[in-house]
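In structure tokens:
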């Protein structure tokens, strides 16, 4: 029986991953580095303590990850101020469905608490979640399982009683290693071979997760 569904935020609830990719590359370019799309894709949901050495292994030890990251955050903030945030299709419908069926909901995101609250408030769903947990609240961010284990602790559910919804390999790995059945809703990329082997299901949208629950497949 599913007692809770835990959602990643960027790329699952809000349509921000494409802009994060663009602005990571722009910030890196301003600092003199030719970051490719695949480099930015590789650090989706990846905690800074892991993303920094990864990028330094590509661009050299002088790659100023934290400085470039702050510039990326500035660019993203400017974009949101101008254009707002787009909600992913099916967000309201799945949250309303889960509430109607007595299933708890939570967020497990790599984004910090201030921006998380801002983003989810902008799309009108902040108050709909039973718990919101950010990577800054645990020792190790994704792809380590800490954030998912902490969510389970906070909502009082065992990992096997939960479903995780993720869009990136790093997020999937974190949820699966926490012992949670994981659905991937691809955003910028389809699951690679390794990811495809460990997910419980792939869904085209959040609407399809409702269908999986209705059919008793989760």
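Numbering (this note's numbering), first residue to last: 5 to 222.
Even glycine gets a Cβ: it sits at the ideal position worked out from N, Cα and C.
**Asked** Of all the options 109, 124, 127 and 60, which has the alpha carbon lying nearest to the alpha carbon of residue 135?
**Response** Residue numbering aside, residue 135 sits at position 131 when the chain shown is read from its first letter. When the alpha-carbon of residue 135 is set against those of 109, 124, 127 and 60, the nearest one is in 109.
**Item:** Same chain, Cβ closer than 6 Å to residue 56, neighbours up to 5 away in sequence not counted
**Value:** Counting from one through the chain shown, the residue named residue 56 turns up at place 52. For residue 56, where only same-chain residues beyond five positions count, the Cβ hits under 6 Å are 69.
**Asked** DSSP three-state call for residue 207: helix, strand or coil?
**Response** The residue you call residue 207 lines up with position 203 of the chain shown. Coil at residue 207, not helix or strand.
**Contact check, residue 173 vs residue 199, beta carbons under 7 Å** = The sequence position of residue 173 within the chain shown is 169, counting from 1. The sequence position of residue 199 within the chain shown is 195, counting from 1. Yes, Cβ-Cβ distance for residue 173 and residue 199 is below 7 Å.
**Request:** Measure the C-alpha to C-alpha separation of residue 39 and residue 73 and round it to an integer number of angstroms.
**Result:** Position 35 of the chain shown, counting from 1, holds the residue named residue 39. Position 69 of the chain shown, counting from 1, holds the residue named residue 73. In this model, residue 39 and residue 73 are separated by some 13 Å (Cα to Cα).
**Item:** First through last residue of the alpha helix (DSSP H) which encompasses residue 125
**Value:** Your numbering for residue 125 matches position 121 in the chain shown. That run of the alpha helix (DSSP H) goes 117 to 126.
**residue 16 beta carbon less than 7 Å from that of residue 169** = Along the chain shown, read from residue 1 onward, the residue named residue 169 stands at position 165. Along the chain shown, read from residue 1 onward, the residue named residue 16 stands at position 12. Contact annotation: residue 169 and residue 16 have beta-carbon atoms nearer than 7 Å.
**Message:** Under 6 Å: does the beta carbon of residue 202 sit that close to some heavy atom of the ligand MG?
**Reply:** Absence of the ligand MG is noted for the structure shown, with no ligands found whatsoever.
**Message:** Tell me which residues share the same chain as residue 196 and place their Cβ nearer than 7 Å to its Cβ, disregarding the 5 neighbours each side in the sequence.
**Reply:** The sequence position of residue 196 within the chain shown is 192, counting from 1. Result list for residue 196: 173, in chain order.
**Item:** Which listed residue (112, 123 and 129) has its alpha carbon closest to that of residue 158
**Value:** Mapped onto the chain shown, residue 158 falls at position 154. The residue with the shortest Cα to Cα distance from residue 158 is 112.
**Asked** Where does residue 171 sit, in a helix, a strand or coil, going by DSSP?
**Response** Looking up residue 171 in the chain shown gives position 167. Coil, per DSSP.
**Request:** Please determine, among 220, 11 and 188, the residue with the shortest C-alpha to C-alpha distance to residue 129.
**Result:** On the chain shown, residue 129 is found 125 positions in, with the first residue counted as 1. The residue with the shortest Cα to Cα distance from residue 129 is 11.
**Message:** Less than 8 Å between C-beta atoms, sequence neighbours within five positions excluded: which residues of the same chain meet that for residue 79?
**Reply:** Position 75 of the chain shown, counted from the start, is the residue given in the question as residue 79. Within the same chain, and ignoring the five residues on either side of residue 79 in sequence, the residues whose Cβ sits closer than 8 Å to its Cβ are 27, 30 and 31.
**Message:** Only counting the same chain, and skipping five residues up and downstream in sequence, which positions put a Cβ closer than 7 Å to that of residue 263?
**Reply:** There is simply no residue 263 to check, as the chain begins at 5 and stops at 222 in what is shown.
**Asked** When burial is assigned at 16 or more other CB atoms within 10 Å of the CB, is residue 219 buried or exposed?
**Response** Numbered from its first residue, the chain shown carries residue 219 at position 215. Exposed, because fewer than 16 other Cβ atoms sit within 10 Å of the Cβ of residue 219.
**Request:** Determine the direct distance from the alpha carbon of residue 145 to that of residue 106, and round the result to whole angstroms.
**Result:** Counting from 1 along the chain shown, the entry for residue 106 is found at position 102. Counting from 1 along the chain shown, the entry for residue 145 is found at position 141. One C-alpha to the other measures close to 29 Å.
**From 171, 214 and 93, residue whose alpha carbon lies closest to that of residue 114** = For this step, residue 114 is matched to residue 110 along the chain shown. Per the Cα distances, 171.
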